[in-house]
Each structure stands twice: as C-alpha cells, then as structure tokens.
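A quick write-up on the structure given underneath.
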Amino acid sequence: LMFLVAGCQNESVAEEAETVPTVAERRIEAISAELELDESQHERLGRIHALVHERRTELRAERSERLEQHLEAFEAGELEPTEVHGQIDSVIDRVRETAHQVADEVIALSETMSDEQRAQAAERIRAFHERMESFHARMESEGGFHAFMERIRSFHESD
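At position 116 of the sequence shown the residue is numbered 108 (the numbering used here), and the sequence of numbers has no breaks.
Below, the structure is given as structure tokens:
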C-alpha cells in the first residue's frame, strides 16, 4: 500500500486545498473504498501517506538548497569531501528511518486487514509495479528519460 500511496504526491492549487481533495486524498479514498477499509484502517493509510509526503517535501527543499551550496563550492574549487559525504549519509539515514516507520505502519495495517483485503491490496500493488516496470522499459527502449522529455518539449512546441 505504501507504494501506491507514495506515488500520489500531487497537490491541488493552494487556495483550493481546504475544499478540493488532493489527488492523494482521492486515491486514499478510492483505495479505502475498494478494499472496504474501516475508519481506523483508513486513518492508518492516511498516516502512511502523510509520513511519505512530509519526508519527500522536506528532502526536496533540502536538496535544492544543498545543490546550490555544492555548485557554489564546486565552482570555487572548494568542495569538502567530509561535508559532502556527511550530508549524503544524513539523507540516507533519514530515508532509512522513514522507510522503517512506513514499513511499521504497513505491517500494523496489514495485521488489521482480512485475507480478502490483503489479497486485493497485493494485487493492486502488483499491477502498479507492472505498470511502472513497463513504463521504465518503454522509456529505456525509446532512448531514456531525456529523449522522453525532448519528445514532450517538441510536442508542446508544435502547438
């Protein structure tokens, strides 16, 4: 389940956030309905999303800041290996901590689910991963991500 929820991080326009459900909220509602989750299971699924979303948001902001710092140091010829590796280790530790927290939440959720709910969730996760594998294989066979982005740019420029 964390794989499905983690993949839906798009948010609605800020001023509509309180009245219009986000993509993630709609996905959580759909998953809850499809699996017939009770209220506590639904809440736990929401906590799983919140954990993933919060950490992704933090890491994205920090990554942008670090990138600029590293580029400035790189341009000045002043990269400090200990600092760079320390920052990498810090990010890895935080991601590892979050992964374990999310895994604990998923384990706890699975313990409250019926056999049928777990089977449905497992099938949904398998289908999601098959779509992702297919997408990545197609991207690779068509020249990779950069070629894909160039096709998108070309398409939009032709409008």
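A virtual CB, placed ideally from N, CA and C, is assigned to each residue, including glycine. Since the structure is predicted, the reported quantities are computational estimates derived from the model, not experimental observations.
Asked: Beta-carbon proximity list for Q112, same chain, < 8 Å, skipping 5 on both sides; Found: E26, L27
Asked: Where the alpha helix (DSSP H) through D30 begins and ends; Found: Segment: none, D30 is in no alpha helix (DSSP H) and carries neither H nor E.
Asked: Q79 and R52 closer than 8 Å at C-beta; Found: no
Asked: Touching by the beta-carbon criterion (3+ pairs, under 8 Å), the segment 28 to 37 and the segment 55 to 73; Found: no
Asked: Local Cβ density within 10 Å of L63, reported as buried at 16 or more and exposed below that; Found: exposed
Asked: Residue from A129, E89, H128, E125 whose Cα sits closest to the Cα of S47; Found: It is worth fixing the name first, because residue 47 is Arg in this sequence and not Ser. Closest by alpha carbon: E89.
Asked: Same chain only: Cβ atoms within 7 Å of F137, ignoring 5 sequence neighbours per side; Found: M131
Asked: S106: first and last residue of the uninterrupted alpha helix (DSSP H) it sits in; Found: Premise fails: S106 is in no alpha helix (DSSP H) and is neither H nor E.
Asked: For E75, the nearest candidate out of E35, Q61, H148 (CA to CA); Found: Q61
Asked: Closest residue to L101 among E17, R39, E21 (Cα-Cα distance); Found: R39
Asked: Best match in S82, Q109, G135 for proximity to I23 [C-alpha to C-alpha]; Found: Q109
Asked: Anticipated Cβ contact below 8 Å, H45 with A16, distance rounded; Found: 7 Å
Asked: Whole-number beta carbon distance between Q93 and L37, since they are thought to touch under 8 Å; Found: Wrong, their Cβ atoms sit about 14 Å apart, outside the cutoff.
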